[in-house]
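Undergrad: Note that the UniProt record's numbering numbers the sequence shown so that position 389 is 389, with each residue one more than the last.
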Amino acid sequence: MPGGDVVTPIPSEPTQKKQEENENLSLTFQDAVNAVMARQSLKGHFMYLPFPLILFVLFAWAALVHIPIGDMYPAETGLSTALITTGTDAITENTTMKFKNIQTQEDVYAWLTDTLFPVVFVRPDSNEDPTNNRIAYYHKILGSVEFKTWVAAEKDCGLEGSYGMIYNVCHDFDNPVVDTQFYVDSATTTDIAKNFILEKKDEGTWLNQSTAELQISLATYNGELNLICVTSLILNFQPGGFVETDYKMASIPADPYHMSPTGLVLDIIIGVFVIGTVLYEGKIAFDRIRAKKPYWDFWRLVEWISIAAVILFYILWIILCGFIYDSTLSSQLLSLGVQGKFDYSKEEDVLIAGQLLVSIMDRVRSMGSLMVAVRLAGMASLFLLIVRVLGSLRFHPRLNIVTATLGAALNSLQPFFFVFVICLAAFVTSGCLLFGEKLEHFSTIGFTIVTVVNMLFGQFDLDAIFEVDYLIALVWYWCAMIVLFLVLFNMLLAIVLAAFDQVRDVNSDVPSRSVRKEFSIIAKEMIGVDRFLHRGSTKRFRQSITSGQLDNLTHVSSHNLCEHLEIDDKEAKSLMNRLKVLSRAGADLNQVKLEEKKPSERGGENLKELHGKVERLEQTISKLVASLEKSS
Numbered sequence: 001m002p003g004g005d006v007v008t009p010i011p012s013e014p015t016q017k018k019q020e021e022n023e024n025l026s027l028t029f030q031d032a033v034n035a036v037m038a039r040q041s042l043k044g045h046f047m048y049l050p051f052p053l054i055l056f057v058l059f060a061w062a063a064l065v066h067i068p069i070g071d072m073y074p075a076e077t078g079l080s081t082a083l084i085t086t087g088t089d090a091i092t093e094n095t096t097m098k099f100k101n102i103q104t105q106e107d108v109y110a111w112l113t114d115t116l117f118p119v120v121f122v123r124p125d126s127n128e129d130p131t132n133n134r135i136a137y138y139h140k141i142l143g144s145v146e147f148k149t150w151v152a153a154e155k156d157c158g159l160e161g162s163y164g165m166i167y168n169v170c171h172d173f174d175n176p177v178v179d180t181q182f183y184v185d186s187a188t189t190t191d192i193a194k195n196f197i198l199e200k201k202d203e204g205t206w207l208n209q210s211t212a213e214l215q216i217s218l219a220t221y222n223g224e225l226n227l228i229c230v231t232s233l234i235l236n237f238q239p240g241g242f243v244e245t246d247y248k249m250a251s252i253p254a255d256p257y258h259m260s261p262t263g264l265v266l267d268i269i270i271g272v273f274v275i276g277t278v279l280y281e282g283k284i285a286f287d288r289i290r291a292k293k294p295y296w297d298f299w300r301l302v303e304w305i306s307i308a309a310v311i312l313f314y315i316l317w318i319i320l321c322g323f324i325y326d327s328t329l330s331s332q333l334l335s336l337g338v339q340g341k342f343d344y345s346k347e348e349d350v351l352i353a354g355q356l357l358v359s360i361m362d363r364v365r366s367m368g369s370l371m372v373a374v375r376l377a378g379m380a381s382l383f384l385l386i387v388r389v390l391g392s393l394r395f396h397p398r399l400n401i402v403t404a405t406l407g408a409a410l411n412s413l414q415p416f417f418f419v420f421v422i423c424l425a426a427f428v429t430s431g432c433l434l435f436g437e438k439l440e441h442f443s444t445i446g447f448t449i450v451t452v453v454n455m456l457f458g459q460f461d462l463d464a465i466f467e468v469d470y471l472i473a474l475v476w477y478w479c480a481m482i483v484l485f486l487v488l489f490n491m492l493l494a495i496v497l498a499a500f501d502q503v504r505d506v507n508s509d510v511p512s513r514s515v516r517k518e519f520s521i522i523a524k525e526m527i528g529v530d531r532f533l534h535r536g537s538t539k540r541f542r543q544s545i546t547s548g549q550l551d552n553l554t555h556v557s558s559h560n561l562c563e564h565l566e567i568d569d570k571e572a573k574s575l576m577n578r579l580k581v582l583s584r585a586g587a588d589l590n591q592v593k594l595e596e597k598k599p600s601e602r603g604g605e606n607l608k609e610l611h612g613k614v615e616r617l618e619q620t621i622s623k624l625v626a627s628l629e630k631s632s
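(1) Could you tell me if Gln543 is buried or exposed, where buried requires 16 or more neighbouring beta carbons within 10 angstroms of its beta carbon?
(2) Going by beta-carbon coordinates alone, are Leu385 and Pro50 separated by less than 8 Å?
(3) Which term fits Ala494, buried or exposed, when burial requires 16 or more other beta carbons within 10 angstroms of its beta carbon?
(4) What does the Cβ neighbour count give for Gly603, buried or exposed, with the cut at 16 atoms within 10 Å?
(5) Does the Cβ-Cβ distance between Ile135 and Leu79 come in under 8 Å?
(6) Quick check on DSSP: helix, strand or coil for Ile10?
(7) I'd like to confirm the pairing. Which residues does DSSP put opposite His171 in its beta bridges?
(8) Go ahead and pull the three-state DSSP assignment for Pro253.
(9) Can you tell which of Ile311, Gly378 and Phe442 has its C-alpha closest to the C-alpha of Ala473?
(10) Identify the continuous alpha helix (DSSP H) that holds Gln30 and give its terminal residues.
(11) Taking Asn195 as part of the alpha helix (DSSP H), name the residues at either end of that continuous run.
(12) Measuring alpha carbon to alpha carbon, tell me which residue in Arg578, Leu492 and Thr554 is nearest Glu525.
(13) Near Ala219, which residues of its chain fall below 6 Å by C-beta distance, leaving aside the five closest residues on each side in sequence?
(14) DSSP three-state call for Asn94: helix, strand or coil?
(15) Once DSSP output is grouped into helix, strand and coil, what is the label at Ile521?
(16) Does the beta carbon of Pro256 fall short of 7 Å from some heavy atom of the ligand FMN?
(17) Skipping 5 residues on each side, what residues in its chain have a beta carbon closer than 6 Å to that of Ala82?
(18) With C-beta atoms as the reference, is Ile228 less than 8 Å away from Ile252?
(19) Among residues of its own chain, excluding the 5 on either side of Glu213, which ones have a beta-carbon nearer than 8 Å to its beta-carbon?
(20) Between which residues of its own chain and Thr403 is the CB-CB distance below 8 Å, once the five residues before and five after are set aside?
(21) Any contact of the region 548–565 with the region 478–496, i.e. 3+ C-beta pairs under 8 Å?
(22) Roughly how many angstroms separate the alpha carbons of Ala254 and Pro239, rounded to a whole number?
(23) Relative to the alpha-carbon of Asp31, which residue among Thr444, Leu553 and Val419 has its alpha-carbon at the smallest distance?
(24) Based on the DSSP output, what are the partners of Ile102 in its beta bridges?
(25) Leaving out the 5 sequence neighbours to the left and right, which residues in its chain are closer than 8 Å to Met97 when beta-carbon positions are compared?
(26) Along the chain, where does the beta strand (DSSP E) containing Ala219 start, and where does it finish?
(27) Considering just the uninterrupted stretch of the alpha helix (DSSP H) at Gln181, what are its terminal residues?
(28) Using the Cβ count rule (16 or more neighbours within 10 Å means buried), how would you classify Leu320?
(29) Residues in its own chain within less than 8 Å of Val278 by CB, not counting five upstream and five downstream?
(30) Could you tell me which residues DSSP pairs with Lys248 in its beta bridges?
(31) Return helix, strand or coil for Val227, following the three-state DSSP convention.
(32) Just to confirm the assignment, what range does the alpha helix (DSSP H) spanning Ser412 have?
(33) Which two residues bound the contiguous alpha helix (DSSP H) that contains His559?
(34) Give, in chain order, every unbroken run of the alpha helix (DSSP H) that is at least 4 residues long and sits entirely within the region 287–328.
(35) Assign Glu566 to one of two classes, buried (16 or more other C-beta atoms within 10 Å of its C-beta) or exposed (fewer than that).
(36) Within the continuous alpha helix (DSSP H) that includes Ser544, where are the two ends?
Below, the structure written as C-alpha cells:
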C-alpha cells in the first residue's frame, strides 16, 4: 500500500512445520554424492571388521585349549604343596625342615632326609599301595630324581696388605661350573635314599664352601589330568653365607589332540584366517607399490607383526608337539623301567641307564622351556591381535574414541615419560641405597624398580622399611608419594583426560553418527532386505548418481526421488533418512582421506578446486550480464 509500511506475511504454524520437514528431508547434491561414496566405504569396513574380531576370539580359544590352565592349576598346586613346603620356624619333636626355611647347608641335609625324600620315594611299609611311588597320590615320577650341583672355582681375592694375608682365597660365584650330577631311581625306598645322601654328607665333598647351587629336578605324570609336570627345586648358596631358595615348574599336556578334536579344528580355522590375511595384505601391498603409493604405516606394521606373532606361536607349538609325540621318549621310559628296573647305587646299572636318564631329563626340560615360550608367544599374540582390532575400528569416530585419545595424547606423553623416568630413577637409586642391605625387595636395582612401581599402586609393605630406619623411611616414602603419585601420576591422568576432551570436542563439531544405524543400512542392503522391502530404491538412486542423471540438481529432496525413482512419498522419505545417515559418514571419510594425503597433494587439489570455482563464477557472471543486456 502506497505510503504505508510493507507487512511481511507470517506463515502459519502448519506451513512452517511443513517447510522444516521439507528442509529436513532434503540434501545438497554433494551430500548425496558423499552418501553414495560412504556406502561402498562403510561396506568394506563393516565386512572387514568381523575378521580381526573372529581371529582374536578363535586364537584365545585355541590358546586356552592347547594350554589347559584349568588342569594346570590343580596339578601345579598339588605339587607345590607337597614339594615347596613352608611353615613356622618353631621347633618341636615332629617339626621337619621346610624348603622355604632353609638357611644353611646343614639345613639342606635335614630337609632332604626328613621332608623331601618321604614325599618323593617309596615308603617301605606300603609297597603294595597302588598310589605308592607317587607324589600327592596322583603324580607319578618319570624315571628318576636328578641332583645337580654347581661350584664356584677358587680364585685370588686380589687383596693387598694385611687383608690379603687374612683372606687370600676367594670363589668365583659369578661364573659357576657344573660339578656333580647323579640320579636316584624313583622306585628307591626312602631309607636307601637317606643313606645315600648321608654318605655324601660324610664324604664332605658334595656340599661345601665352594658350592654355588644345588638343583633337584624331577618330572611327573598325572594321568587324571593328562599332564607332564617338570619341577626344579633350586638352592643358591650366596657368598654372604645364606641360602636363597627358588623353584621352577612347568606343565605340558601329554596328549593335547587325543582327548578332544576341538584344538585341531581351531588350528585349521586359524590357519585359514592367517593365510587369507597374508594374501589380502600382500595384494594390497602389491597394488600400492605398483601404483607407486606408500604402503607402510603404523597400522600396517601392527597387522603384519600380529600375524607373525600367531605364526611364531604355532611354530613353537609344532616343535613342542614334536617332542610330545616322539616315540623316543616313551621307548626310553619303557627301557629305563619306571618300576625300578635299575639300582643307581650300582656302577654297572649307572653305566647302562645313565645315558637314558640324561636324555629323558634333557627332553623333559626342553619341553618345559618350550611350553613357557609357547605361553609367552600366546600372550604377545593376544595383545597384538587386540591392538589390531582397535585399528580396524578407526573408521568410525564412536568406535575410535580410545585409539584417537591415545594418539592425541602421544605428543604430550613422550616428554612426560622422559621426566617420569628421571624422577623414578632417583627414587629407585635412593631406595636401593637406603634399604638394600636389609630388605630383599631393595637389594638390586631390578627389585627396587618393581617395588617402587608397586608402591604407586598401593602394593607395598610400609612396615618393612620403617623397621630399617623410621625417620629416613618416612621422609623417603612421603617424598616418593608426593612426587611420583600426587604430582606425576595425576599429571598423567590429566594429559589423557585433556586428550579425551580434545577428541570429544572435535567430534561434537560434526553431526552425530550412529554405529547402529549405519550398520543396519549396510547389513540390510547386503542380505537383500532393501531389494525386497524397498524395491531396490537405494541401488537405483546410486546408479542415477553415478550415471550423472541427477547432475542438474543442486538439492535432492523426497519429491525429486518420487519423480525420478517412481516411488511413493513414504518410501522416498525412508530413502532420504538413509541417505542422511550415510552422508554424515561420507563427510567424515572425505575429511579422513584429505588428512591422510600429503600436503603437496592437498595443495594441488585445493588449487584445482579454486580454479573450478573461479571458472563457474565467471560463467555465471557472463550469463547474468547477457540477461541484463537483453532485458535492457
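Glycine is no exception: its CB is placed at the ideal position from the N, C-alpha and C atoms. As the structure is a prediction and not an experimental result, all values here were calculated from the model.
TA: On the basis of the coordinates in this document:
(1) exposed
(2) no
(3) exposed
(4) The predicted position of Gly603 is uncertain, since its pLDDT is 48 and thus under 50; a value taken from the coordinates is nonetheless stated next. Exposed: under 16 other Cβ atoms inside 10 Å.
(5) yes
(6) Note that Ile10 has pLDDT 48, beneath the 50 cutoff, so the model's placement of it is unreliable and the number below is only indicative. Ile10 falls in the coil class under three-state DSSP.
(7) Glu154
(8) strand
(9) Phe442
(10) Phe29 to Tyr48
(11) Thr190 to Glu203
(12) Arg578
(13) Leu142, Val230 and Val364
(14) coil
(15) helix
(16) By its list of ligands, the structure shown contains no ligand whatsoever, and the ligand FMN lies outside what it can speak to.
(17) Val119, Ile135 and Ala136
(18) yes
(19) Thr149, Trp150, Pro176, Ile234, Leu235, Asn236 and Phe237
(20) Leu390, Gly391, Leu393 and Arg394
(21) no
(22) 40 Å
(23) Leu553
(24) Paired residue(s): none; Ile102 is not in a bridge.
(25) Asp107, Ala110, Trp111, Asp114 and Thr115
(26) Thr211 to Asn222
(27) Counting along the chain, Gln181 falls outside any alpha helix (DSSP H), though it belongs to the beta strand (DSSP E) covering Val177 to Asp185.
(28) buried
(29) Ile307
(30) Ser232
(31) It should be pointed out that residue 227 corresponds to Leu in this sequence rather than to Val. Looking at Leu227 - three-state DSSP - the assignment turns out to be strand.
(32) Ile401 to Phe435
(33) Ser558 to Leu565
(34) 298–324
(35) exposed
(36) Ser537 to Ser547
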